[in-house]
Structure formats: structure tokens, C-alpha cells
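Peer 1: Sequence positions in the sequence shown follow the UniProt record's numbering and run 1 to 149.
Structure in C-alpha cells, see below.
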Amino acid sequence: KGKAASTDSEEDAGPDSDPSHLEFAKRLKEEAAMKGDHDLASVRDEFKREFGADSRRMLCSGCKLVAARLDSELSVHDVHDAESPAHMIASKRKAIDATCRSFRHLHIVNGEGGPRFEAGEVANDANEEEALRLGQKLCTAVLEDSKFE
């Protein structure tokens, strides 16, 4: 008494019968199973070997560039305005991939406090290739590690 009578169609429509729910669950499972090419611990170790006492500074400057670029890509791919959770996950994947692909013009500069990553025009030498490789590894490791946060 006091409860509205439910129809048969309402009783049959559980969360598993909603196509958007199923698509969201599928995409979430796929993302969780995805492992990046690089993990944060191994990238940190490589930075320590490569930069010694300056590794923390290099990691920090790289992470700042990754964060700034990701923010831009999240807007470009309309992640926060996605029409459904499944579309949001798909858009976020596109934004993550685009962020790490965008590190084509990354180099290491020696500043007042030591070396740091900087985005700009590339001089096409061995140091620039190394900076690009390390920057892309860092980007992949950071974003894959934090993709659900």
C-alpha cells in the first residue's frame, strides 16, 4: 500500500538491459585491461640514471607539460560534455593518445636551476631525439597510471 504499481516493462528493465550501461561497462573494462608501454616506476628509474640529481626537476617539468597539454586535449575532445559515460571514456582515451602524440617538439634546456623540458621548435639532433623519447615515455606512464583519477 502506498507504492505505485510497477509495470512489467519497468521490472524487466534492469541496469544490465540499458545499452548505454553495457557500453560503459565494456569500455571501462577495456580501459582497465589496457597497459601502457611504460610504467611510472621504470620511467622514474630511467630519469634517475639519465639525469642523476636533476631527475626530479626533469620529471616535474615534464609532468607540468603533460598536464597542460592534457587539459587542452580534454577540451578539444569534449570529454566533460560527453553525452554518456561510455562516450566520456572513449573521448578521454582519444585525449590521452593525442596528448602523448603531441610531444613532437620537446627539448631539454638548461635553465637557472638546471635542466628542464620545454616545448618548442626542434633542432633535429641526438639530444632532441632523446628528449622526445623520454618525454613520450613520461607522458604515457603518467597518463596511463592516472587515467581513472
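In this text, a Cβ means the ideal position worked out from N, Cα and C, and glycines have one as well.
Just so we're clear, the structure is a prediction, and the values are computed from it rather than from any experiment.
Mind checking glutamate 130: buried by the 16 CB within 10 Å criterion, or exposed?
Peer 2: exposed
Peer 1: Which value, in whole angstroms, describes the spacing of the CA atoms of valine 76 and lysine 92?
Peer 2: Between valine 76 and lysine 92, the C-alpha separation is close to 10 Å.
Peer 1: Measure the beta-carbon distance from arginine 27 to alanine 86 and round it to whole angstroms, keeping in mind my assumption that it falls under 8 Å.
Peer 2: Sure, about 5 Å apart at Cβ, within 8 Å.
Peer 1: With a 10 Å radius around its C-beta and 16 neighbouring C-beta atoms as the bar for buried, classify serine 84 as buried or exposed.
Peer 2: exposed
Peer 1: Could you pull the DSSP bridge partners for proline 115 from this structure?
Peer 2: Asn110, per the DSSP bridge assignment.
Peer 1: What residue range is occupied by the uninterrupted alpha helix (DSSP H) comprising methionine 34?
Peer 2: Per DSSP, methionine 34 belongs to no alpha helix (DSSP H) and is neither H nor E.
Peer 1: Are the segment 93-112 and the segment 38-48 touching, with three or more C-beta to C-beta distances below 8 Å?
Peer 2: With a cut-off of 8 Å, the segment 38-48 and the segment 93-112 do not count as touching, because too few Cβ pairs lie within range.
Peer 1: Given this structure, state the Cα-to-Cα distance separating serine 72 from lysine 64, to the nearest angstrom.
Peer 2: 13 Å
Peer 1: According to DSSP, is lysine 147 helix, strand or coil?
Peer 2: coil
Peer 1: Express the C-alpha separation of alanine 33 and arginine 116 in angstroms, rounding to a whole number.
Peer 2: 33 Å
Peer 1: Compare the Cα-Cα distances from leucine 106 to each of Pro19, Val66, Phe47 and Ala90 and report the closest residue.
Peer 2: Val66
Peer 1: Hey, would you say glycine 62 sits closer than 9 Å to leucine 132, going by beta carbons?
Peer 2: no
Peer 1: Quick one: give me the first and last residue of the alpha helix (DSSP H) that glutamate 73 is part of.
Peer 2: Start and end: 55-76.
Peer 1: Does the separation of the CB atoms of leucine 70 and leucine 143 fall below 9 Å?
Peer 2: yes
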